[in-house]
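Report on the structure given below.
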Amino acid sequence: MNDPISIVLFSGTDDKLHAAATIVAGAAALDRPVNVLVQFWALDAFRTDRIDQDHGLAFEAVRPGRTPPAKAGALPWAETFRQAKQLGEVRIRACSASMEYLDIDPSQLDPMVDDVCGIASFLLDADTGPVVFI
Amino acid sequence: MNDPISIVLFSGTDDKLHAAATIVAGAAALDRPVNVLVQFWALDAFRTDRIDQDHGLAFEAVRPGRTPPAKAGALPWAETFRQAKQLGEVRIRACSASMEYLDIDPSQLDPMVDDVCGIASFLLDADTGPVVFI
Amino acid sequence: MNDPISIVLFSGTDDKLHAAATIVAGAAALDRPVNVLVQFWALDAFRTDRIDQDHGLAFEAVRPGRTPPAKAGALPWAETFRQAKQLGEVRIRACSASMEYLDIDPSQLDPMVDDVCGIASFLLDADTGPVVFI
């Protein structure tokens, strides 16, 4: 058993990145291989010069009249991803089309990103197991 | 067969909660077990004192120049979740990390929430079947 | 093997529609059947009179102080969906509940939409393989 979990990581706010990181770490702790394809606004958040910045919260968290919890700025998603990689078989890949779209060079990405690949290559490793879009 | 469907319910707007509820009810009607992990803004919406409030719509629904349909305020997602639980094997669990993050006590949640659990415990029940992030 | 990929396409911004289209095209290229249920704001974007319009970008792309890439307006998602249909076994279905909610008639939808169906009928075809909510 132990089907891999494939995650298409699209969203770039701290809360969704944190939710993704905890799923990845939880799956790694259960000995499931995890493949993450980082694209669009998530990829932007994985830039070395931006990864430690505040990336905001999802739309519904910041509506008028809504005060996000004080802990909002303290979601350590990047560190959780790094720990997940030490814990199990976690591969973090940058989406080639998004690299071009955002005009990002591989050297600009955090070292936890393993390589760059296309969607078809990513889906080849997802022939079994769930595909999660976040 | 009849693999379970595992849903990580993150979003807290009425349209996404409604979309989630109809997937849960549809799966229950087809005799598939459903496990829902309610976290972040969805968990906030499951608070007893907020569940019947207006939780707004997704970002793209409320852009300038866009008028959401009049039926927008009338999406009965909470009731659909309750009916799904009567229809089949549906478990609704509150994410322990989100409980802490949002400073919510179990007694503040709608009774349809069965218990509190962590992501690893949730993923243990998702060793087969799809994992859906909403 | 070759489990189908089932996609619940909810979001109506160009970046998410593009992300969905490339997953569909990639899966079709790998000979996997793909079933797409188009609902809510995605369904609105599939209206014949709106499909070629600018549908904006996700929330985090347009925050103050953030300039989306110049290529933002040029994501050819509709064409990518059409090519995916020629490439493989791709079925695009409109969600019946969303049709009613948005007051849309089948004749108002782009011809690439094959038919209208309910969530239970859609989930029947998803008894194996991943379910992806976008």
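Chains as they are written, first to last, in my numbering: chain A, 1 to 134; chain B, 1001 to 1134; chain C, 2001 to 2134.
Beta carbons: idealized from backbone N, C-alpha and C, even for Gly.
- Task: Could you tell me which residues DSSP pairs with C/D2115 in its beta bridges?
- Result: C/R2093
- Message: Using a Cβ-Cβ cutoff of 8 angstroms, what residues of the region 1017-1042 of chain B are near chain A? List them in chain order.
- Response: Q1039, F1040, W1041
- Message: Check whether the region 2107-2122 of chain C and the region 1023-1032 of chain B are in contact - that is, three or more C-beta pairs closer than 8 angstroms.
- Response: yes
- alpha helix (DSSP H) segments (min. 4 residues) lying fully within the region 1029-1068 of chain B: 1040-1045
- Closer than 8 angstroms at the beta carbon, the chain B residues around C/S2011: A1058, E1060
- Query: Anyone know if the C-beta pair for A/F133 and A/F10 falls short of 9 angstroms?
  - Reply: yes
- Task: Give the single residue among B/I1005, B/D1014, B/Q1039, B/S1107 whose Cα lies nearest to the Cα of B/I1023.
- Result: B/I1005
- Tell whether a beta-carbon distance below 9 angstroms holds between C/W2041 and B/A1058. yes
- Verify the CB distance criterion: does B/R1004 have a CB-CB separation below 9 angstroms to chain C? For the sequence presented, residue 1004 of chain B should be read as Pro rather than Arg. No, B/P1004 does not count as interfacial toward chain C.
- Message: Distance check for C/D2003 and A/S96, CA to CA, integer angstroms please.
- Response: 25 angstroms
- Task: Anything in chain B within Cβ reach of A/F133, meaning under 8 angstroms, just list it in chain order.
- Result: F1133
- Task: Check whether the Cβ of C/P2130 lies closer than 9 angstroms to any Cβ atom in chain A.
- Result: yes
- Task: Check the Cβ of C/V2116 against every Cβ in chain B and list those closer than 9 angstroms, keeping chain order.
- Result: Result: empty, since nearest Cβ-Cβ is about 15 angstroms, beyond 9 angstroms.
- Give a yes or no on whether the C-beta atoms belonging to C/D2014 and C/L2075 are separated by under 9 angstroms. yes
- Query: Which residue from C/L2109, C/S2098, C/V2131, C/Q2083 puts its Cα closest to that of C/T2048?
  - Reply: C/L2109
- Task: Could you check what DSSP says for B/L1075 in three-state terms: helix, strand or coil?
- Result: coil
- Endpoints, the beta strand (DSSP E) within which B/L1109 is located: From DSSP, B/L1109 is part of no beta strand (DSSP E); its letter is neither H nor E.
- Message: 9 angstroms is my cut-off, CB to CB: does A/V8 come that close to chain C?
- Response: yes
- Message: Under 9 angstroms, Cβ to Cβ, is there at least one residue of chain B near A/L75?
- Response: yes
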